[in-house]
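Presented below is the structure to which this report refers.
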């Protein structure tokens, strides 16, 4: 098939949707599909099999005509719009793309229907135009259970999970102790890893309180922020980071925390996650398929502590492939982390469970599911 992908984010921009889109495009290409990608002027891709058009300076009404002409020139059989409410510079015009495209079906992938921490007074209008986009798209893909249920008014839809944006690799001659030392942890320290961008939904305040409680109880805990930063799509994240740094100062935790900053090398991310004793991801809105950081921890077969999903997810099993605690409950999180510190056997059991679960999110399966759905829509 000749598949066109429209995305508001594409590497080298930081952010999950951009990295996801690039890996998906390459996975589809490896399955014999002809892939064209349209994105902003910052987008880059050295893969010669991906036809990249990166000439969008501003996502406005004129952009819709640009996409229409691009689709006609590339003789596309389907357009896949990668949609997230904070992307496309919060432009309202992208919601009307299916209205102006003729002769090519538009399949919209909804990554996250939650509205960003911006323009709260526009909430009602934003909900209406997002609903409009869902209704006028020829079909939709939800990446998580929450959005799939919320889009119950759309008949032609499917759920295809995201895979890990971090490919499974570690540096040559990987030695756990070396990477633990880089994180400031000795052999007997309990190294907790947090992976991902920083924002108000990640439960970092809860994690820091629990980390402080572990220290007060005498556990030699260390915390490493793998990656991090504010990302590119939501400016309010920078404000949150300032608040988080204030909490770290108040709790006097700086000397026990290592920050890697943004890592371009997937092998380094994999090394830190693999060398850690546990990965803690206490999302305030619960564990979900929408979380690329959780997918990465599963992908590497890490012992994981995260929060109970808001929508039931049958594949997430407490005590089998992850530990699930109540959202926003620092006492429960502290208890779970203490339990894992005291039981290497439980950590190993969760590792095996996560590694088995990782098969559900392989990119080969994800690409094949997309192709099958696109073919159904195009026919």
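Numbering (the numbering used here), first residue to last: 476 to 854.
Each residue gets a CB set at the ideal place from its N, CA and C atoms; glycine is no exception.
Annotated three-state conformation of residue 718 is helix, per DSSP. About 7 Å separates the beta carbon of residue 805 from that of residue 688, a gap short enough to meet the 8 Å contact definition.
For residue 619, there is no enclosing beta strand (DSSP E), as DSSP marks it with neither H nor E. Sequence-distant Cβ neighbours of residue 631 in its own chain, meaning closer than 8 Å and more than five residues away, are 613, 614, 615 and 852. Within the model, the alpha-carbon separation for residue 676 versus residue 553 is close to 34 Å. In the three-state reduction of the DSSP assignment, residue 532 falls in the coil class. Residue 665: member of the beta strand (DSSP E) spanning 665–670, first to last residue.
With contacts defined by Cβ atoms closer than 9 Å, residue 639 and residue 771 form a contacting pair. Distance from the CA atom of residue 753 to the CA atom of residue 653, rounded to whole angstroms, is 17 Å.
Going by DSSP, residue 782 is part of the beta strand (DSSP E) stretching over 779–782.
Apart from sequence neighbours up to five positions away, the residues of its chain that approach residue 830 with a beta-carbon distance below 7 Å are 776, ordered along the chain.
Within the stretch 724–810, the beta strand (DSSP E) runs of at least 3 residues that lie entirely inside it are, in chain order, 732–736, 753–756, 779–782 and 798–800. When the beta-carbon positions are compared, residue 608 and residue 558 come within less than 9 Å of each other.
Rounded to whole angstroms, the separation of the alpha carbons of residue 812 and residue 476 is 48 Å. Beta-carbon to beta-carbon, residue 832 and residue 788 are separated by about 11 Å, too far to satisfy the 8 Å threshold. Residue 543 is positioned such that its CB atom lies no closer than 9 Å to that of residue 566.
Contact between residue 546 and residue 579 holds, since their C-beta atoms are separated by about 5 Å, short of 8 Å. In the assembly as shown, residue 790 is an exposed residue. Its beta-carbon has fewer than 16 other beta-carbons within 10 Å. It is roughly 15 Å from the alpha-carbon of residue 602 to the alpha-carbon of residue 627.
With fewer than 16 other Cβ atoms inside 10 Å of its own Cβ, residue 516 counts as exposed. The C-beta distance from residue 482 to residue 514 rounds to 5 Å, short enough to meet the 8 Å contact threshold.
Residues 658, 659 and 699 of the same chain have their beta carbon placed closer than 6 Å to that of residue 733, with the five preceding and five following residues left out of the count.
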